[in-house]
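Numbering (UniProt numbering), first residue to last: 1 to 415.
Report on the structure given below.
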């Protein structure tokens with residue numbers, strides 16, 4: 001058999017199913033993922049070849065106590081799950097009673113149905129925490145089917161994926177065509193439709209006594225896209241906070257991001273990013289920008305509205321105000337160090353910068369450089385609060401004090 005042979009082939013694939021009272025979602029999702037591509041429809045004729053596309057090694061089911069009983073009765077004790085695996089030669093899948101997790105309320109009682117506030121909160125935190133732990137495991141790729149549970153369970157699952165989902169982790173919704181989605185459709189053995197069998201089987205719908213053969217069954221699986229916040233909120237994700245607490249923390253972080261962006265300085269690479277947007281600056285522009293960035297970052301005062309002369313430094317005016325000399329020595333040294341590391345100590349750009357440090361920079365050159373830097377920032381950073389990372393003048397006429405207003409806590413120096 002031909003198994004998945006991309007760069008994730010050595011990692012284990014697991015399936016998490018959020019189920020209610022429809023055990024068939026487990027086998028239907030497994031059958032589709034094993035033999036078909038998401039976004040397509042699996043039919044009776046497609047199974048003639050039975051080429052394995054994806055090898056799911058283990059299944060976990062999150063459900064209620066009532067759902068657990070139905071799954072055990074219809075899939076495990078009846079032997080239907082084993083029969084399914086034997087029929088298609090996929091006996092490597094681990095699934096038994098221990099794979100079924102029953103959700104509990106906030107008092108630790110198993111939930112029969114998710115109705116009360118306690119049941120909703122308990123189910124949310126338990127479901128969220130279970131999926132979180134699986135998603136955080138770098139050795140597995142998680143596939144999750146959310147079509148079989150309560151709508152609230154689907155929402156909690158989706159939030160877990162948004163917070164913790166890796167790029168390869170997928171979430172799905174599975175649909176079976178009518179009448180095979182009808183719980184009143186029964187086979188001769190009294191069982192419900194659970195998957196498309198190799199041998200044609202006849203089912204009878206009890207409501208109208210109509211007969212339907214499995215040849216007409218179709219399973220469609222859609223991948224559900226989700227917003228990936230794992231890397232954006234990485235500083236809060238390692239915590240073991242509850243679902244409710246994590247949502248509040250994440251909302252505060254997102255609100256702060258909308259107000260104050262992140263600015264990253266990669267010392268080794270000489271790169272500057274605002275959130276995910278890289279600034280393409282010339283070496284001399286980068287030096288000037290880093291001088292103000294380090295001035296802001298290294299300032300030890302707790303600023304509110306008024307910024308001090310360290311993070312918004314003044315310049316020493318010489319030669320009839322035509323030349324401006326840098327005053328902040330530590331930020332100056334830090335900025336120069338980045339340029340020397342990335343462009344070479346003997347480079348033409350470094351020689352120019354050292355001349356500026358020793359003798360000062362022409363007033364017009366500084367103004368032009370700042371203007372060019374701000375234009376470049378404006379052109380690549382499409383956020384409403386872009387001014388926070390631009391170089392601003394907070395001084396009086398004839399006595400400029402340049403700097404950036406971004407909170408120093410939002411500046412991260414990567415070494």
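Don't be surprised by glycine CBs; every beta carbon is placed ideally from N, CA and C.
Check	Outcome
Burial state of residue 183, where buried means 16 or more other Cβ atoms lie within 10 Å	exposed
CB of residue 145 within 9 Å of CB of residue 345, strictly	no
Between the CA atoms of residue 163 and residue 233 - distance to the nearest angstrom	8 Å
Residues bridged to residue 277 [DSSP beta-bridge criterion]	274
C-alpha distance - residue 134 paired with residue 20, whole-angstrom precision	21 Å
Residue 52 versus residue 195: straight-line alpha-carbon distance, rounded	16 Å
N-terminal and C-terminal residue of the alpha helix (DSSP H) that residue 285 is part of	283-297
Pairwise C-alpha distance: residue 248 and residue 398	47 Å
Check whether residue 270 and residue 316 have beta carbons under 9 Å apart	no
Residue 125 versus residue 58 - alpha carbon distance	23 Å
DSSP three-state assignment for residue 349, whether helix, strand or coil	helix
Straight-line gap, residue 357 to residue 407 (C-alpha atoms, nearest Å)	26 Å
Cα-Cα separation, residue 40 to residue 176	12 Å
Nearest-angstrom Cα separation, counted from residue 171 out to residue 23	18 Å
Nearest candidate by alpha-carbon position, reference residue 186, set 169, 173, 204 and 178	204
Environment of residue 278 [buried if 16+ CB atoms lie within 10 Å]	exposed
C-alpha gap between residue 181 and residue 159, whole angstroms	27 Å
Whole-angstrom C-beta distance between residue 127 and residue 33, which should lie under 8 Å	Actually they are not in contact, since the Cβ atoms of residue 33 and residue 127 sit about 21 Å apart, beyond 8 Å.
Sub-9 Å separation of residue 307 and residue 396 beta-carbons	no
Three or more C-beta pairs below 8 Å linking the stretch 70-77 and the stretch 218-228	no
Meets three-Cβ-pair contact criterion under 8 Å: the stretch 283-302 and the stretch 332-345	yes
Terminal residues of the beta strand (DSSP E) in which residue 15 lies	12-19
Given residue 113 as reference, the closest of 68, 73 and 287 once Cα atoms are compared	68
Beta-ladder partner(s) of residue 187, from DSSP	203
Any alpha helix (DSSP H) of 4 or more consecutive residues that is wholly inside the stretch 33-92	65-71 and 80-88
Own chain partners of residue 161 with C-beta closer than 6 Å, once the 5 adjacent residues on each side are dropped	171 and 226
Cβ of residue 317 within 9 Å of any chain C Cβ	Note that chain C does not occur in the displayed structure, where there is just one protein chain.
Per DSSP, the bridge partner or partners of residue 126	None, per the DSSP bridge assignment.
Close-in-space but distant-in-sequence residues of the same chain around residue 413 (CB under 6 Å, 5 per side omitted)	265
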